[in-house]
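Before any comments, here is the structure.
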Amino acid sequence: PAKLPPPYRIKVVEPIPFLSADERRLALAEAGHNPFNLRADQITIDLLSDSGTGATSAAQEAAAALGDESYAGARSWFRFRDEVRDLTGYPHILPVHQGRAGERILFSSLLKPGQICISNTHFDTTHANVKLAGAEPRDLPCPEAADLDSDEPFKGNIDLAALERVLTGPEGHRVGLVLVTITNNGLGAQPVSMANLEAVRELCQRHAVPFFLDAARFAENAWLVREREPAYSDWTPRQIATRAFQLADGCVVSLKKDGLTAIGGLIGLRDDELHATCEANLIATEGFSTYGGLAGHDLERLAQGLKEVVDPAYLQSRAASTARLAQMINDAGVDTIQPPGIHALYLNAGRLLPHLAPHEFPGHSLGCQLYLDGGIRCAELGSLYLGGMDDEHRLVTPAPFELVRLAIPRRVYTDAHFEYVASVLADIAKEPERVRGYRIVSSPPLLRHFKVRLEPL
Ligand code: F0G
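Numbering (UniProt numbering), first residue to last: 5 to 461.
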């Protein structure tokens, strides 16, 4: 049967800039060869993040016009709360302006200094917020995740045996939280199976440790469960998502992804006492508990976005579009983490550019080349981001892989944009040795990748 097109058409458009090669070279140099420092109007295709970059629908904008901006008890809050309660089943819902605000409030209320937070992989802000709470973030991804090329369906899973070893071992009493990220953004956008979540719940219950979801991409995880976990093939994505939330004690969610909005987040909780602590913190730092740093119109867009994001036709079309881009890229001779996820593709820059050593930052070099050749912006996930450096900014411990993430904004780019991206990559893959390495010129002490400046070698 013919492949179905996306279940929407385009009504409002925004022009994208096309700079000359000289203009791009100048722009990148002025940005210290760090794409984070580029101006958006210097970028043709922006694949830096899928966060807050999606298109809203006509129904969301219509709902936004009804936004109730009352300081407390706004109509829009109740619409949002009821939608989230229905989706997640959690009795307590706290709105926050974005995911990391939820992380800060939850971790500072739940984690005690010296405790350990275990995850399949902490996202970078999640990692930072666990540390700010005085606790230690520890990643226990499943062993299958280490093979970038295998077709294992659930490489986002947590390593259950390793989790059990920590819980039953000498450090067991220090574990304050198990946080499973669905899908696993830090490790190739790979999904987590329901069987894995069920086993985590069982272990956490046995050891009386709270189990939470970092559910920024809950709908995309649900779609991949439906596709890849036979027991769920006739469940709807929404039913699968609800079941996942039911297995956990609570969640933190950045709604800038599967909320289909530019801003927003939430904390979902069962525990009354934890809710009271988080709510006090929320009111002091984010806003009253019926808006949490969001405007009424944001809450309205979110309530509608959460309905649209679990539409099987939308998820099917988005997953197929990412898979087609992966196929085009692989056909051009560039390997990506397999199997493709939904919100992003991860290019294996280390393999494409064997002439560059880790200290020359092959992932960063490929990202810069994509900008120089095609005005495409993306993010490095390799030694520049994850490697250990000495005081002179020299790489001491390389990252395990040299990757580049192409994040796919929701409902924004068409297959024609992706054909362009693949063709720029294909040209690089024909002559990879012309891609030059980089060295660090200056670097901030914290969250290096955002503000680092480099120069080509
Ligand atoms: N958790 C995960 C898994 C995320 O991917 C993000 C953000 C956050 C938490 C934090 O949420 O941005 O709303 O404060 N990820 C974006 C990205 C920034 O590009 O992957 P936030």
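Just so you know, even glycine gets a beta-carbon here, dropped at the ideal spot from N, CA and C. These numbers were taken from a predicted model, which means no experiment stands behind them.
Where the beta strand (DSSP E) through residue i begins and ends
i, result
"A348", "348-352"
"R417", "Checking the sequence shown, residue 417 turns out to be Tyr, not Arg. Taken as a continuous stretch (DSSP letters only), Y417 belongs to no beta strand (DSSP E), as it is neither H nor E."
"T185", "179-185"
"H359", "Note, H359: premise wrong, no beta strand (DSSP E); not H, not E."
"F216", "215-218"
"residue 3", "With the chain represented from 5 up to 461, any question about residue 3 goes unanswered, as that position is not in the structure."
"L171", "No beta strand (DSSP E) contains L171, which is instead part of the alpha helix (DSSP H) from 164-172."
"residue 487", "Given a span of 5 to 461 for the chain in the structure shown, any question on residue 487 remains unanswerable."
N-terminal and C-terminal residue of the alpha helix (DSSP H) that residue i is part of
i, result
"D26", "25-34"
"R142", "Taken as a continuous stretch (DSSP letters only), R142 belongs to no alpha helix (DSSP H), being part of the beta strand (DSSP E) at 140-143."
"H301", "300-312"
"I244", "241-251"
"L374", "366-378"
"I444", "I444 -> not in any alpha helix (DSSP H); beta strand (DSSP E) instead, spanning 442-446."
"residue 2", "A question about residue 2 goes unanswered here, because the residues of the chain that appear run from 5 up to 461."
Whole-angstrom distance between residue j and residue i, CA atom to CA atom
i, j, result
"R452", "P141", "18 Å"
"Y375", "H421", "15 Å"
"G118", "I162", "22 Å"
"S24", "S61", "33 Å"
"L114", "P195", "26 Å"
"V184", "C372", "32 Å"
"L164", "R210", "14 Å"
"P344", "A69", "37 Å"
"P174", "Y236", "37 Å"
"V16", "A31", "28 Å"
Close Cβ partners of residue i (< 8 Å) along its chain, the five nearest in sequence each way excluded
i, result
"F249", "L91, T92, G93, Y94, L217, A219, F222, C255, G272"
"P9", "S321"
Residue i versus the options, residue with shortest Cα-Cα distance
i, options, result
"R169", "L191, E156, L144", "L144"
"L370", "D335, E435, A327, Q320", "E435"
"P99", "V439, V204, E384, G263", "G263"
"F82", "A327, D302, D431, A324", "D302"
"residue 2", "G300, P404, D275", "Since the first residue of the chain shown is 5 and the last is 461, residue 2 is not available in this structure."
"V229", "L251, T187, P214", "T187"
"V456", "R104, T130, L191, L390", "L390"
"R409", "G367, D377, L388, G378", "G367"
"Q46", "E34, E406, A336, G192", "E34"
"N214", "G268, I122, A139, N133", "Reading off the sequence, residue 214 comes out as Pro, not Asn. Nearest of G268, I122, A139, N133 to P214, Cα basis: I122."
"I109", "I287, N334, I346", "I287"
"T401", "D395, A411, L407, S387", "S387"
Residue(s) in a DSSP beta bridge with residue i
i, result
"H96", "L273"
"R205", "BP columns for R205 are empty, so no partner."
"S154", "Looking at the DSSP assignment, S154 forms no beta bridge with any residue, so it has no partner."
"T407", "Note on residue identity: the sequence assigns Leu, not Thr, to residue 407. According to DSSP, which records beta bridges pairwise, L407 is partnered with N352, L385."
"Q194", "N188"
"M332", "M332 pairs with nothing; no bridge assigned."
"T340", "L351"
"residue 468", "There is simply no residue 468 to check, as the chain begins at 5 and stops at 461 in what is shown."
"L399", "M393"
Own chain partners of residue i with C-beta closer than 7 Å, once the 5 adjacent residues on each side are dropped
i, result
"T294", "A76, G77, A78, W81"
"S154", "E148, Q342"
"E364", "G441, Y442, L461"
"D419", "S325, R328"
Chain-order list of residues whose beta-carbon lies under 6 Å from that of residue i (same chain, five-residue window excluded)
i, result
"A361", "none"
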